[in-house]
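Right, one structure below, let's go through it.
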Amino acid sequence: MPGSVSSARKRKRRLNLVGDYLRRLAFPFTLLAVIVIADQLSKLWVLANLEPGEIYPVFGSFFQLRLIYNIGGAMGTALGSGTFYLISSLIILIAVFYLIITNKDNLWTKYSLTLIAAGAIGNIIDRLRIGMVVDFLDVDIPDIDFLGFRLERWWTFNIADSAISIGMIILMLFIIFRPQKKPETAPPSSISVSDS
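Written out as structure tokens, the structure is:
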């Protein structure tokens with residue numbers, strides 16, 4: 683009888699640990715799902731309503747929708763083929779999921795990694811489905827002319843790209859400004875000195 687009580691306690695403790703673990707991951711994975719769904723639905727709408735290169739003004743020329751197929755990476759980078767970007771995105775996604783699941787201490791880190799993972803998934807779905815990423819958000823910015831680099835409009839992007847960028851900014855800010863842990867000091871020794 684005492685053995686069955688002990689095993690019941692162990693089973694209950696394991697169930698509590700699993701429940702705590704799932705509760706800790708519930709919000710990050712809900713956030714991830716919402717972002718991926720919003721990203722994919724917005725891309726489906728754009729694909730159904732715009733031709734490649736067609737412009738749909740939302741706020742004049744400041745903010746418009748323009749369908750672009752991106753074979754390369756973020757901000758027009760071309761470091762390799764679409765397959766290179768797909769494989770590297772999958773590797774990064776696995777590493778990010780590992781960090782989300784194993785991170786127990788900091789919510790800012792967990793949520794920033796969740797945003798990055800959601801964005802990666804949204805763009806990976808595009809690469810698997812049509813071989814390239816659907817970009818459509820087009821924002822005008824003040825002209826940038828720096829050391830021969832000229833930019834008149836921001837690169838066309840999507841909701842997934844926004845999630846990745848916001849996640850990266852939050853993560854960098856946390857790394858830069860996180861509170862430093864105070865080094866642990868040993869408690870004072872209670873050695874008594876006696877007079878001889």
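683 is the number of the first residue of the sequence shown in my numbering; add one for each residue after it.
Backbone N, C-alpha and C fix where the C-beta goes; we use that ideal spot for every residue, glycine too.
Query                                                                                                                                                                                   : Result
Are Leu-819 and Phe-839 touching if we call contact CB-CB under 8 angstroms?                                                                                                            : yes
Whose C-beta lies closer than 6 angstroms to the C-beta of Ser-835 among residues of the same chain, with five residues either side of it excluded?                                     : Residue identity differs from the one stated: residue 835 is Arg in this sequence, not Ser. Closer than 6 angstroms at the Cβ level, and outside the excluded window around Arg-835, lie Asp-822.
Give me, in chain order, the residues of the same chain whose beta-carbon lies closer than 7 angstroms to that of Trp-790; leave out the 5 immediate sequence neighbours on both sides. : Ile-852, Phe-856
In the structure shown, what three-state DSSP assignment does Asn-731 receive?                                                                                                          : helix
According to DSSP, Phe-828 sits in a beta bridge with which residue or residues?                                                                                                        : Phe-831
Tell me which residue opens and which closes the alpha helix (DSSP H) that Asn-805 is part of.                                                                                          : 789-812
Tell me which residue opens and which closes the alpha helix (DSSP H) that Ile-880 is part of.                                                                                          : Nothing can be reported for residue 880: it is not among the residues displayed for the chain, which extend from 683 to 878.
Is the beta carbon of Gly-801 closer than 8 angstroms to that of Ala-730?                                                                                                               : no
Could you check if Ile-773 is buried or exposed, using at least 16 other CB atoms within 10 Å of its CB as the buried criterion?                                                        : exposed
Measuring only the C-alpha atoms, how far is Val-716 from Ile-783?                                                                                                                      : 18 angstroms
From the DSSP output, in three-state form, read off Phe-818 for me.                                                                                                                     : strand
My guess is that Leu-768 and Ile-806 are in contact by the Cβ rule of under 8 angstroms, so how many angstroms apart are they, rounded?                                                 : 7 angstroms
Is Ser-847 a contact residue of the ligand ATP, with contact defined as CB to any heavy atom under 7 angstroms?                                                                         : Looking at this structure, you won't find the ligand ATP or any other ligand, since it has none at all.
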